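Down below is the structure, laid out as structure tokens.
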Amino acid sequence: MTKCNHWSETKYIKDIITNPLIEAGDYSYYSGYYSSGSFEDGCVRYLWGDEVSRQLFNPIEQMGWHLDKLLIGNYVCIASGVTILMGGNHNHQMDSISVYPFLETIADTYEPRGDTIIKSDAWLGMNAMIMPGITIGEGAIVAAGSVVTRDVEPYTVVGGNPAKPIKKRFNEKEIEQLLSMRWYDWERPLIERALPIITQGSVSDLYDFYQQEVLATK
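Residue numbers for the sequence shown follow this note's numbering, beginning at 1480 and rising by one.
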């Protein structure tokens, strides 16, 4: 089952994806109970590579397109109603007389936007929309209902339409330390030992743990 049966149920994304153009890290989840579709057919939109689209056509072989990917890090939280727009809607040419994607010319109009990247420990709030080719930085938070049209820096809270920075979650020194530690890439047993700090403690406490338990063992 790829759909959630209750609002309290979540699905680990790496366990439910079938599209080869989607990659997801460990423990990243989708809480999709209130959405009408599954992760690949509701949250992620216009991305060739699911079972049905693979049976219908192959734009890589037939039209030579280089398709964008969706890359999701570890411990990412994606709420119900989030929309991640991908590559299937790039054929509307704003610099031509008509924006209509005529079948006769559609093979030549596609332009990649670049991979959409949601880095580790990011949180996408309910009904947020991520436009194609966006990078959401580590530890960033996208407020509910936001429309993200630009990259989001690590550990930054953004909101609105279009989404704008609201605040930094930590000061610059702490962000630098977090990005150097990359706790979300540690082995799970080490993370479990550090959970009391990760879930409540200060960045400096976690950095002390990192120096003692990670750097000192290298």
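All C-beta atoms in this analysis are idealised placements derived from N, C-alpha and C, irrespective of residue type, glycine included. Since this is a predicted model, take the numbers as computed values, not measurements.
Through-space distance from residue j to residue i, alpha-carbon basis
i	j	result
L1549	P1644	23 Å
S1517	A1622	21 Å
M1480	Y1506	In this prediction, M1480 has a pLDDT of 47, which is less than 50 and means its spatial position is unreliable; nothing more can be read from the coordinates.
I1676	V1626	32 Å
I1670	L1657	14 Å
D1494	G1616	23 Å
Y1491	I1620	19 Å
T1464	T1595	Residue coverage of the chain in this structure runs from 1480 to 1697, which leaves residue 1464 outside it and unanswerable.
Q1691	D1574	57 Å
V1523	N1640	19 Å
R1672	T1678	11 Å
W1472	V1636	The displayed coordinates of the chain run from 1480 to 1697. Any statement about residue 1472 would go beyond what the structure contains.
G1511	C1483	6 Å
T1562	T1614	14 Å
F1430	K1652	Residue 1430 lies beyond the range of the chain shown here (1480 to 1697); nothing can be said about it.
S1532	T1696	48 Å
G1624	G1638	8 Å
E1590	G1680	45 Å
P1580	V1631	30 Å
H1571	K1647	36 Å
Cβ pair residue i, residue j closer than 7 Å
i	j	result
I1609	Y1634	no
G1612	R1592	yes
L1546	L1500	yes
G1604	A1642	no
I1597	I1539	no
F1649	V1682	yes
Cβ of residue i within 7 Å of any chain C Cβ
i	result
S1625	No chain C is part of this structure, which consists of one protein chain only.
Whole-angstrom C-beta distance between residue j and residue i, which should lie under 8 Å
i	j	result
N1498	G1560	Actually they do not touch by this definition, with Cβ atoms about 20 Å apart.
Y1525	S1599	That pair is no contact at about 25 Å.
E1519	I1496	6 Å
Nearest residue (CA-CA) to residue i, options the options
i	options	result
Y1663	L1685, D1547 and G1624	L1685
F1688	E1666, R1667 and M1660	M1660
S1487	Y1509, D1520 and V1631	Y1509
G1504	F1536, C1556, V1531 and R1533	C1556
S1514	L1535, V1531, W1544 and H1485	H1485
M1542	G1638, A1586 and L1582	A1586
W1527	G1566, Y1579 and V1578	G1566
Review point. Whole beta strand (DSSP E) runs in the region 1485-1525 with 3 or more residues, listed along the chain?
Key: Listed in chain order, the beta strand (DSSP E) elements of length 3 or more contained wholly in the region 1485-1525 are 1501-1503.
Review point. What runs of the alpha helix (DSSP H), each 4 residues or longer, lie entirely inside the region 1627-1682?
Key: Counting only unbroken stretches of 4 or more residues, the alpha helix (DSSP H) elements lying wholly within the region 1627-1682 are 1651-1660 and 1667-1677, in sequence order.
Review point. Which full runs of the alpha helix (DSSP H) of 4+ residues lie inside the region 1533-1605, going along the chain?
Key: Correct list: 1538-1542 and 1585-1588.
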